[in-house]
Structures are given as C-alpha cells and as structure tokens.
C-alpha cells in the first residue's frame with residue numbers, strides 16, 4: 001500500500017496530469033486524430049491555468065484546514081503531546097548535515113513551544129523514513145537532536161521511528177500510548193493533514209485533542225484569478241489534491257470511518 005500510493009501520486013499530481021494530457025495530445029496529432037488531440041491539448045491548458053492562475057487550490061486546501069480548531073486558549077494542563085513527522089528534508093540533511101525543515105516546520109516550532117510550556121508532558125514523536133529508498137535515519141531520531149538543543153530533556157521523548165505514512169503513525173502510536181499509559185494527548189500536525197490524522201486515530205480508538213499548525217491559507221479565500229504567485233498556487237493545489245486523494249483512499253479501504 002505504501003509503495004502503491006507513492007507510484008499513484010507520481011501520476012496523479014496536477015502538473016503530471018497536465019504533462020500526460022499534452023503528451024497524449026501530441027500522439028493523437030501524430031496519428032492524425034487532430035480533433036482528439038485538440039481536445040486533450042485544450043484540457044491541458046485549462047488544468048494548467050486553473051492550477052497556476054486561480055485560487056482553486058487554496059480554496060480546496062482551506063476546506064481541510066478549517067475542519068479542526070486549535071484550542072483557545074491553550075489547555076490548562078497537558079500530560080502528552082503527539083507530533084507527527086513530515087517536516088524534515090532527509091535528502092538535504094543526508095549530504096549537508098544539521099537539521100533542515102520544509103514548509104511544515106511549524107510542527108516542530110509549535111511542539112517545542114508546547115513542550116516548554118508544559119514541562120511535565122511526555123512527547124511522542126512519530127515519523128520514520130517515508131522515502132522510496134528507506135535509507136535515511138528517520139525523523140524521530142533527528143527530532144531528538146533538535147529538541148535537546150532547546151533544553152528539552154531527552155527522557156521526555158518517546159520516539160516512534162518506523163512509520164512511513166499517517167496510517168502507520170496512528171497504529172504505532174497506539175502501541176506506545178498503551179505501553180506508557182498515556183491518554184488524551186494533544187495531536188500536533190499540519191492543519192490540512194489534521195482531518196485525515198484524527199480520523200485514523202479515532203478508528204484506532206485513540207482520543208486526541210487536535211492542535212493544528214502550519215496553516216497555508218487565510219481560511220477566507222474565495223475562487224478568483226491570481227496571477228501574482230503561480231508557483232505557490234501550484235504547490236497548494238498539489239497539497240490539496242494529494243490530501244483529498246489520501247482521504248478518499250483511506251475511507252474506501254476501511255482505514256477511516
């Protein structure tokens with residue numbers, strides 16, 4: 001399932017679909033089927049325009065982000081914090097060393113803030129190596145170096161370093177919660193990822209308090225043209241499509257309710 005999802009996403013991401021539509025249009029034109037070729041080239045142009053020059057991706061993404069609300073104010077006390085990985089650039093770290101984050105770095109900064117605010121809370125860091133090769137050290141290991149640099153005692157950390165996707169995050173975390181007798185934890189992950197994560201944890205019978213971070217949209221965006229930031233529009237569209245496809249796949253496979 002893990003490798004299949006990786007392969008499907010190589011094809012299903014928006015810009016890949018645009019490329020495949022252009023390629024098919026070219027082949028149809030060479031075969032003399034010019035009307036069909038024109039149809040697919042027009043479809044490619046439309047998909048590319050919507051992806052690059054409209055706010056469609058932002059609107060679809062914010063629908064996910066708006067589903068969970070961060071506790072306001074922070075809870076009076078917290079005994080456990082679960083942070084899901086997915087914020088580290090393993091390939092860059094492998095050659096350059098140190099710790100390098102991607103756009104989801106808020107998962108780390110907010111978890112550090114919460115850890116300092118609740119010094120008695122245990123921290124479960126769930127994230128292994130989600131690459132095709134499986135040759136990296138895993139995110140939970142790198143997390144220990146980062147947290148201890150901020151004065152957080154390593155004894156507070158419970159590292160789950162084998163999960164490669166969100167389903168494995170939830171399954172492996174359940175075992176750790178049972179082993180350590182922890183309940184009702186804060187769950188820290190990106191806001192767009194929170195609906196899928198909480199659905200998986202609920203299916204596992206794990207009660208968590210959602211603590212969404214890493215917002216990518218304002219929450220009030222409407223469908224419109226946007227010619228100012230095509231690369232960001234494309235990135236948000238890809239993120240939204242990937243997350244919705246994962247939600248649908250998990251539901252169809254019975255992994256969520």
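In the UniProt record's numbering, the protein residues as written are 1 to 257. Using N, Cα and C, we set each Cβ at its ideal position, and we do this for glycine too. All figures in this text were calculated on a predicted structure; none of them were measured in a lab.
How would you call residue 27, buried or exposed, if buried means at least 16 neighbouring beta carbons within 10 angstroms? Here residue 27 is taken as the residue at index 27 of the chain shown, counted from 1. Counting Cβ neighbours within 10 Å, residue 27 comes out exposed, since fewer than 16 surround it.
List the residues that DSSP assigns as beta-bridge partners of residue 208. Taking the chain shown and counting its residues from 1, the one referred to as residue 208 is at position 208. Residue 208 is bridged to 185.
Using CA coordinates, which residue listed in 254, 17, 216, 151 is at the minimum distance from residue 114? Here residue 114 corresponds to residue number 114 of the chain shown, with the count starting at 1. Ranking 254, 17, 216, 151 by Cα distance to residue 114 puts 151 first.
Check for me: the beta strand (DSSP E) holding residue 160 runs from which residue to which? Here residue 160 corresponds to residue number 160 of the chain shown, with the count starting at 1. First-last of the beta strand (DSSP E) with residue 160: 157-160.
Say whether chain D places a C-beta atom closer than 8 angstroms to the C-beta of residue 221. Of the chains in the structure shown, none is chain D; there is only one protein chain.
Assuming residue 93 contacts residue 142 under a Cβ cut-off of 8 angstroms, what Cβ separation, rounded to an integer in Å, is found between them? As a working mapping, residue 93 is identified with position 93 in the chain shown. As a working mapping, residue 142 is identified with position 142 in the chain shown. About 7 angstroms; that satisfies the 8 angstroms criterion.
Tell me which same chain residues have a C-beta within less than 6 angstroms of the C-beta of residue 190, skipping the five on either side of it? Taking the chain shown and counting its residues from 1, the one referred to as residue 190 is at position 190. Excluding residues within five positions, the ones whose Cβ falls inside 6 angstroms are 104, 214.
Sort 112, 250, 137, 54 by Cα distance to residue 196 and report the nearest one. Here residue 196 is taken as the residue at index 196 of the chain shown, counted from 1. Of the listed residues, the one whose Cα sits closest to residue 196 is 250.
If we require 3 or more residues per run, which beta strand (DSSP E) segments fall completely within the region 104-156? 122-126
Is it buried or exposed, residue 3, if we count other Cβ atoms within 10 angstroms and call 16 or more buried? Your numbering for residue 3 matches position 3 in the chain shown. Counting Cβ neighbours within 10 Å, residue 3 comes out exposed, since fewer than 16 surround it.
Check whether the region 227-247 touches the region 7-23, taking contact to mean three or more Cβ pairs, one atom from each stretch, closer than 8 angstroms. yes
Beta-carbon contacts of residue 169 that lie in its chain and below 8 angstroms, excluding the five residues immediately before and after: To locate residue 169, count along the chain shown from 1; it is residue 169. 84, 85, 126, 127, 160, 163, 197, 200.
Uninterrupted alpha helix (DSSP H) stretches inside the region 192-245 (no shorter than 4 residues): 194-203
Could you tell me which of 95, 74, 138, 90 sits nearest to residue 116, measuring between CA atoms? In the chain shown, counting from the first residue as 1, residue 116 sits at position 116. Looking at the Cα atoms, 74 is the closest of the given residues.
Identify which residue in 78, 223, 71, 232 has its Cα closest to the Cα of residue 183. In the chain shown, counting from the first residue as 1, residue 183 sits at position 183. Measuring from the Cα of residue 183, the nearest candidate turns out to be 78.
Measuring CB to CB, does residue 221 end up less than 8 angstroms from residue 55? What you label residue 221 is simply residue 221 of the chain shown in a count that begins at 1. What you label residue 55 is simply residue 55 of the chain shown in a count that begins at 1. Cβ distance < 8 angstroms, so residue 221 and residue 55 count as in contact.
According to DSSP, simplified to helix, strand and coil, what is residue 256? Your numbering for residue 256 matches position 256 in the chain shown. Residue 256: coil per DSSP, three-state reduction.
Roughly how far, in whole angstroms, is the beta-carbon of residue 202 from the beta-carbon of residue 57, given that I think they are within contact range, below 8 angstroms? On the chain shown, residue 202 is found 202 positions in, with the first residue counted as 1. On the chain shown, residue 57 is found 57 positions in, with the first residue counted as 1. With a Cβ gap of about 27 angstroms, residue 202 and residue 57 do not count as contacting.
Leaving out the 5 sequence neighbours to the left and right, which residues in its chain are closer than 6 angstroms to residue 210 when beta-carbon positions are compared? Walking along the chain shown from the start, residue 210 turns up at place 210. The answer, listed in chain order, is 68, 187, 194, 198.
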